[in-house]
Amino acid sequence: MLRGTREAARGAHGDVDLQPHQVHLSSIPEQWIPEKSLFPDDGCEHDAGSQPPRPSKGTTMFVLLGSNGQITSKLARLLLAAGHPVRVVGRNAAALAPLASAGAEIAAGDPADAAFLARAFAGATAVYTMIPPCYAEPDMRAAQDRIGTAIASALRQARVPRVVNLSSIGAELSQGTGPIEALHAQEQRLDAIPGLDLLHLRPGSFMENLLPGAAVVAAAGVLPGMEAPDAAIPMVATRDIAAVAARELTAPQHRGILLLHAPRHITMREAAAALGAAIRQPGLPYVQAAPAEAKAELQAVGFSANAADQLETLAGWLSTSPLASVAAGPVAIQQTTIEQFARDEFAPAYAQAKAA
């Protein structure tokens, strides 16, 4: 998904020369850069001082990777509200502070350090794992693999009994999916741990990836993206993923693989229509960014060339093949529709962008 910069959020306007299903980035006054697509929790950047975990005071402890990202923060708050002890693990102590204020223990350190992770996992009843995309790394896959290997090693060292692992649709494929290829490898690493009670959650594309487009909609009157306009894409709201993860950590119902998506698959053109209706802009157009210019813009704002290539591959796969992955395992259809998401999440984001 693409998002506007701070200039777009302030409401900068400019003429947009649209061609059918495509827009060139140079024709819009704002830069469009991908939101973190299937990976909203980023643990590769913003290094901070290490903070070791405190010993657990209770007989249960749920440990969550992912700092204060979209899913991890929701998951932590659900567990805390239910009275469960929670330890959240991330690179940046400052990012963890809101969850500490909510009652969670925090452990800040390098997610590629297996010894640190083993200490953070010590005494865990269950662990929620995920690996971030590492967009700034010259070799994004290598960085993801370092973190994934450390996670697997730490789980073995700490003898964690139960893991709910955030994976993705398409993780059954070893190539052709961009950043999801690292999640394929991580599933295999975790599957190889003897005796581990393990569930891989394979959600569709996050509906929240549409939120950064609110600034561009406010400024230019179009919803931008990298995917083809009429490709049916499995999507899901992160609040639904968090709810499933909370249930599976505390009262396991599934093992192996569980796919998650909304009641129906959604094209980007349909998503634009739903978002437009929620903000009283019927007929809001969706435009697909030209790949070469999109990658150039990505590199201009700090993404590595390798990461830009990976995201182009991901967008291409989402535009052609994701429905085949829905048949790769059992499916749990979630409640949140694109229309509900548009009303609850996108409309407020749009209003904020218009007011900025």
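When the sequence shown is numbered by this note's numbering, its final residue is 402 and no position is left out of the sequence of numbers.
Note that beta-carbon positions come from the ideal geometry of N, C-alpha and C, so glycine has one too.
Whole-number beta carbon distance between residue j and residue i, since they are thought to touch under 8 angstroms
i, j, result
"I117", "L212", "7 angstroms"
"A320", "I384", "5 angstroms"
"E183", "C90", "6 angstroms"
"R235", "T195", "7 angstroms"
Inter-residue spacing [alpha-carbon to alpha-carbon] between residue i and residue j
i, j, result
"A378", "P337", "33 angstroms"
"K103", "R205", "Summary for K103: the model assigns pLDDT 49, below 50, so the residue's position carries little reliability; its value from the coordinates is reported in the next sentence. Approximately 19 angstroms between the Cα atoms of the pair."
"Q381", "P309", "7 angstroms"
"P207", "A323", "46 angstroms"
"V263", "A289", "30 angstroms"
"I193", "D159", "8 angstroms"
"L110", "F349", "27 angstroms"
"E391", "L306", "19 angstroms"
"A260", "A395", "6 angstroms"
"S147", "A128", "16 angstroms"
"R389", "G267", "18 angstroms"
"N141", "D156", "Per the sequence presented here, residue 141 reads as Ala, with Asn not at that position. Going by the C-alpha atoms only, they are around 14 angstroms apart."
"F387", "A393", "9 angstroms"
"A401", "I303", "43 angstroms"
"H130", "H300", "20 angstroms"
"L126", "A161", "26 angstroms"
"P368", "H230", "15 angstroms"
"A399", "I325", "12 angstroms"
"G115", "T284", "10 angstroms"
"A397", "Q190", "36 angstroms"
"H311", "T366", "13 angstroms"
"P258", "V347", "15 angstroms"
"P249", "S220", "17 angstroms"
"D237", "L357", "26 angstroms"
"A188", "Q327", "43 angstroms"
"V132", "A265", "41 angstroms"
"P144", "A342", "35 angstroms"
"E294", "A370", "25 angstroms"
Beta-carbon spacing of residue i, residue j below 7 angstroms
i, j, result
"F108", "A172", "yes"
"S251", "I279", "yes"
"A170", "A154", "no"
"L245", "V210", "yes"
"R202", "I152", "no"
"A374", "E218", "yes"
"A292", "L124", "yes"
"S119", "G136", "no"
"L344", "A354", "yes"
Nearest residue (CA-CA) to residue i, options the options
i, options, result
"A318", "A354, A342, P270", "P270"
"T175", "F392, K400, L121", "L121"
"M186", "W363, A351, E385, F387", "A351"
"G149", "T105, L364, V134", "V134"
"T359", "A373, A340, A346", "A340"
"N255", "A265, L247, M314", "M314"
"A168", "A189, D191, S119, T105", "T105"
"E316", "A397, M253, A196, R248", "M253"
"P298", "L247, A342, A265, L357", "L247"
"R165", "A188, A200, A143", "A200"
Any 3 or more C-beta pairs closer than 8 angstroms across the segment 260-279 and the segment 329-336: yes
Tell me, please, whether the segment 224-239 touches the segment 177-185 by the rule of three or more beta-carbon pairs shorter than 8 angstroms. yes
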